[in-house]
Amino acid sequence: MTSNVDIHKYEVQRKKLLLHIIKSKKRLLFLKQCKSLDYIPMGLRIKQHYHFPGSNNLYKGFNRDVLESTITSTIENVESLRSELAKITSELEKMGPLPPSSFKATRQLATTISRRHSKKINRFFYSSPSPESPENQYCMTSIELPNQMTPKQLCNKREDTLLRRVRVQASIRFLEDCISRQFIPNSIRIRRSHRLMISNQLYDKFNRTLCLAIIDAKKKYANRMNDFLQNIDKTLNDEGNLLRPWCTDNCNGVKYLKDKLDAKYKQKLSKLPTHNTSSVDAEKSNTTEYNSIKQSNSSTTDGIVQQDTSVNNNSLTGANLPPTTTNDDESSSSNGSTLPPLVYNFSSRKLEKSEISLLLKGLGFSPIEPSNHFQVACSVRDFTRSVRLAIIHEYSEKPKPKFFVKSQFIPTVCKDDKVEAYLNELEKKSDESIPKQFTQHNLTRAEKQSLKSLRCDSSIVMKSADKSQAFVIMDKGYYSAKVKAMLSDGNYYIPYGKNKYHYRETVKKVITLAKRFNLDDNIKRYICDYDIQTPLFYALPKLHKSKRIDNLLKEQNSSSRVLEMNDDPPDDLPFRPIVASTNGPTQQLSRLLDGLLRPYLCKVQSYIESYEDFLDKISSHRKVTSNTLLCTFDIKDLYTNIDHALTVKAIRYWIKSDPALLETAAKNVYMSIVECKKFIIEALEIILDNNIFMFDGTYYKQIKGIAMGSSIAPTIANLTIGYLEINLYEKVKERMGEDIHSYIKEHWYRYIDDCQLLWPFGNENLAVFTNILNELNEAIKFVREENTQKLPFLNIMLYIENNQLEFDIYYKPTHTFAYINFRSAHPRHVKRMLPYTLASMIKKIVTNDETYRRRIADMHNHLISRGYPSRLIDDAINKMKNENSKEAPTSPSIRFLNFRVVYNPNNPDLYSDVSTQLPIALGERASKFRIRKVNKQSASLKRILTSNKFYHEPQPPSNGPKACQQRGCKMCERIIDTPIDENIRWNATLDCHSRFVVYEKSCKHCKKHSINHIDSLFKDKTPCDCGNANTQIFPFHKMNTNNPVDREVWFNMFRSGKVRK
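Counting from 1, one number per residue, gives the positions in the sequence shown under full-length UniProt numbering.
Right, here's the structure in full:
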């Protein structure tokens, strides 16, 4: 019979093993968190004793290997402890009832260790990154000789360099002999100061690598010294000085040092063993706790982490930990726990630490600007204008037309005396507003200097990556060569000369079109009367299509958010062409046509408006058979391959398909149905045939496809492919039968160029269907991808489980999770709504409850990495969970008075005064109006650092105003070349057709001159005060805004001397 002493002994051993297992499992979880954050704990980190070029990355790589080996050792230790626990448990079960496995000591230990680890990781995450060690060992900053050195000083310098080179060369020979004998000197060898590492192979490999790297650095150092000595010899020979005996390579001092070092190193080599056994001995002495390292099994690791969550599950999740990026499948980042870089540097410029710190804040980061009186004045004047206009049109019931030009009228007086008195007081407050006493900043001084330096660097081009929130830095030559290679393709683009007035021909065509169809005055002004500018061509790098970049990221396999390829930028990097035609000659016509044709999109059977629309439509088809394939089709280069004739044919078809929509379109442009049909076709032909743009001072014309960047491009692309799908359904019915035809019409979904289909008819029929797709048009090619288990479409991961279609959120491999930084100059409500929006998207997409919880946790961690407080994120998630109904719609009789202001924390806030005092001034009218604050976003890093305009060579300064020399222009004779006021400077080359300009007006008769501003020079018809109508004009400043209030405020500041002429 077993005694109570034996039972007590086994129970004590079992408790000890349980405590050891908890400690090891918590340590394993902590090490995995460190690995995901690329953080090496102090207990594992190897101290860096060498600082030659490249040493920082060498030590970082070894520290990561140490961490990886420690994780593997800990896994094996947990397994061995579990086996021992199982044996003791079986013995106790034989002796009687088993005591509980969880007791107070285990719970307290788990909680204590979790808090300790959380504090360590939080301390690392929220502390500023430690600066890297300067790699200045075995380096010569320059081999050029200092100025004004006498021959004697040069000889002394040569002697010092000679002796230094002798020491370096002797050290190189000694280290090479050690390597040949498989021995690492004690001065280089790393000694282990902890018991966790047991692999001598890892340390021996790093010791050898470190030794070879030191040899290589010293050889480069010796070569630099040789070049330096040659420069000294050349200088001395040029000056006619003879080299002195003590300054040569054969002098006594150099020979003595050589012999001394050779004897010293020879003595050391004679005492060396043939093999290095020190690391083996060290391993034997440090294996008291763990066994030898074996290859880790990923499934074992995941199992341990899942089991560990049962012990104090809340201690290492949620708000207690900074972000981790570990994900379970493809729906997260492309490299598991490694996020893609945020900065790709392909230029020859070496980024400094402050520049990297700035760029890692993200494209959407907005620096806080100093207090800006101009912004405050513009906001107040714009609001007072809107209030006066609202009171003037208080009883107007005329409906607002669909297409109209914003009024440039600025009323000066309001009908209501009380309101007018308050508005005048408000304007006076804005003029006398005092900046806040304490200025806020969200950039350090070094980051501000870096921002200025990057912006002013004319040798580089900065772009945002295609389908990624990442900065791409390139040399101008590299970017120009890539873009010009695209534009040299004669199938799509042709040169159009360097005539800057090319747009006049397009404008004439638009004006002629308006006259021929006798358009309404509002419609005519809408498509013709605006500040026309030349469209600019630019290209975004497709980082996800470059195999070199992909391979390099896989080789690095690190969490560094910066990828530098300074010496050898990728040759296989493709670009996406975009035409920035915001104020192009056909842009307003494109917007008009887009408004007329967009209603036809609902007639396209496969059309998907958004991912939400896709989920609504596919929700009725979630039950699938066991042989169903998940298929997606991508249309290759859709925008650039659409044929113009095919587009016109497609639009003709859709116009005829629904007379009711055509009638509505005709009413919007005040035409008959027949005229509207002709107008749409002719306007479309003008837009397609006059896509002219500029790149690097040269003009090009696109002869095939649609310009990505035009307002009408998505609508045209959807309708054109929708027209081809009509033929697709007919061919499928003819070649594959009625059943497949009806199935495809119901299950074929398309979002512009991305198509999705559930296919239950086998691979042979799928191949036939794919061939039919690619036969629709020779220029439109569909690229198919299929899978039996899971496949992404848009931002949704579709997967089949138990013959049921399930959904998970999907992030593309290039997704950087670079959400708006919490310190960015964005309004508070924007930062509050971001977690709510992300959580709502996850809730709408993810169908599995367990997956939903993981995605919410991932989102939580990613937002914390961008500086968001955990409480704010949790509040947004709770709000999303508890929200059931939408807000009640606002009554259409209420008119909004928008107080628009550029968000700047340093500007005085006048909205609080407006929201309280204006309703009092309005009196009974207050019920008809609702005052709300609308924040306009300040300039982000993307807006500051990137530009659509590109010139490879610096452009000469503008030449001042010129007459347009156009036949019949009456303004040409009034334009003069030189101003009356010699202090006036111009900011652009202006002519008769320039819009929104400041100009100097002078009279030939009385010699008076004045400065005015106007939206079009042709409107200046007022005579001089003396009655003389023969006046001259010198336009000198272009105001890049169509807001009349902003122009008026700027002009008043200019006239008062607050703005430089």
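C-beta atoms are modelled at their ideal positions from N, C-alpha and C, and glycine is treated no differently. These figures come from a predicted structure and were not determined experimentally.
Beta strand (DSSP E) segment containing residue i, residue limits
{"i": "R895", "result": "895-902"}
{"i": "Y611", "result": "No beta strand (DSSP E) contains Y611, which is instead part of the alpha helix (DSSP H) from 611-618."}
{"i": "E806", "result": "804-809"}
{"i": "F695", "result": "692-695"}
{"i": "V562", "result": "562-564"}
{"i": "T70", "result": "Here T70 belongs to no beta strand (DSSP E); instead the alpha helix (DSSP H) covers 55-95."}
{"i": "E801", "result": "796-801"}
{"i": "V461", "result": "460-464"}
{"i": "S1010", "result": "1009-1016"}
{"i": "Q702", "result": "698-702"}
C-beta contact flag for residue i and residue j at 8 Å
{"i": "A217", "j": "P53", "result": "yes"}
{"i": "I532", "j": "P569", "result": "no"}
{"i": "I651", "j": "I681", "result": "yes"}
{"i": "F695", "j": "V461", "result": "no"}
{"i": "V783", "j": "I809", "result": "no"}
{"i": "G595", "j": "Q469", "result": "no"}
{"i": "I826", "j": "Y911", "result": "The identity of residue 826 in the sequence shown is His, whereas the question assumes Ile. Contact: no."}
{"i": "L342", "j": "F471", "result": "yes"}
{"i": "K266", "j": "N566", "result": "no"}
{"i": "N948", "j": "Y538", "result": "yes"}
{"i": "P1044", "j": "I410", "result": "yes"}
{"i": "Y653", "j": "Y723", "result": "yes"}
Test: residue i CB closer than 8 Å to a CB of chain D
{"i": "G362", "result": "Checking the listed chains, one finds no chain D in this structure; it contains a single protein chain."}
Beta bridge counterpart(s) of residue i as assigned by DSSP
{"i": "Q756", "result": "T632, Y749"}
{"i": "F929", "result": "R895"}
{"i": "N345", "result": "I473, E564"}
{"i": "P792", "result": "M797"}
{"i": "I842", "result": "DSSP output for I842 lists no bridge partner at all."}
{"i": "V934", "result": "R900"}
{"i": "S947", "result": "DSSP, once it has assigned bridges, lists no residue as partnering S947."}
Reduced DSSP secondary structure (H/G/I, E/B, other) of residue i
{"i": "T1031", "result": "strand"}
{"i": "Q469", "result": "coil"}
{"i": "H862", "result": "helix"}
{"i": "T625", "result": "coil"}
{"i": "A539", "result": "strand"}
{"i": "C1003", "result": "strand"}
{"i": "K109", "result": "Going by the sequence as given, residue 109 is Leu instead of Lys. In the structure shown, L109 sits in a helix (DSSP, three-state: H, G or I)."}
{"i": "D233", "result": "helix"}
{"i": "I190", "result": "coil"}
{"i": "R995", "result": "strand"}
{"i": "Y819", "result": "coil"}
{"i": "L19", "result": "helix"}
{"i": "F183", "result": "coil"}
{"i": "K157", "result": "helix"}
{"i": "I744", "result": "helix"}
{"i": "M671", "result": "coil"}
{"i": "S133", "result": "coil"}
Residue i - containing alpha helix (DSSP H), residue span
{"i": "F782", "result": "Looking at the DSSP string, F782 is not in any alpha helix (DSSP H); the run it does join, the beta strand (DSSP E), is 782-787."}
{"i": "P495", "result": "Where P495 is concerned, there is no enclosing alpha helix (DSSP H), although the beta strand (DSSP E) it sits in stretches over 493-495."}
{"i": "V846", "result": "Unbroken run through V846: none, as it is neither H nor E."}
{"i": "D875", "result": "870-882"}
{"i": "N771", "result": "762-774"}
{"i": "Y729", "result": "713-736"}
{"i": "D913", "result": "911-922"}
{"i": "Q966", "result": "Counting along the chain, Q966 falls outside any alpha helix (DSSP H), and DSSP gives it neither H nor E."}
{"i": "residue 1066", "result": "Any property of residue 1066 remains undetermined from this structure, which presents the chain solely from 1 to 1061."}
{"i": "T640", "result": "638-641"}
Residue i: CB within 7 Å of a non-hydrogen atom of the ligand MN
{"i": "T715", "result": "Ligands in the displayed structure: none, and consequently the ligand MN is not present."}
Scan the region 385-424 and note each continuous beta strand (DSSP E) run of 3 residues or more that stays entirely inside, going in chain order. none
In chain order, what are the residue ranges of uninterrupted beta strand (DSSP E) at least 3 long that sit wholly in the region 543-611? 562-564, 575-580
Just to confirm the assignment: which complete beta strand (DSSP E) runs, minimum length 3, are found wholly within the region 504-533? Given a length threshold of 3 residues, the region 504-533 has no whole run of the beta strand (DSSP E) inside it.
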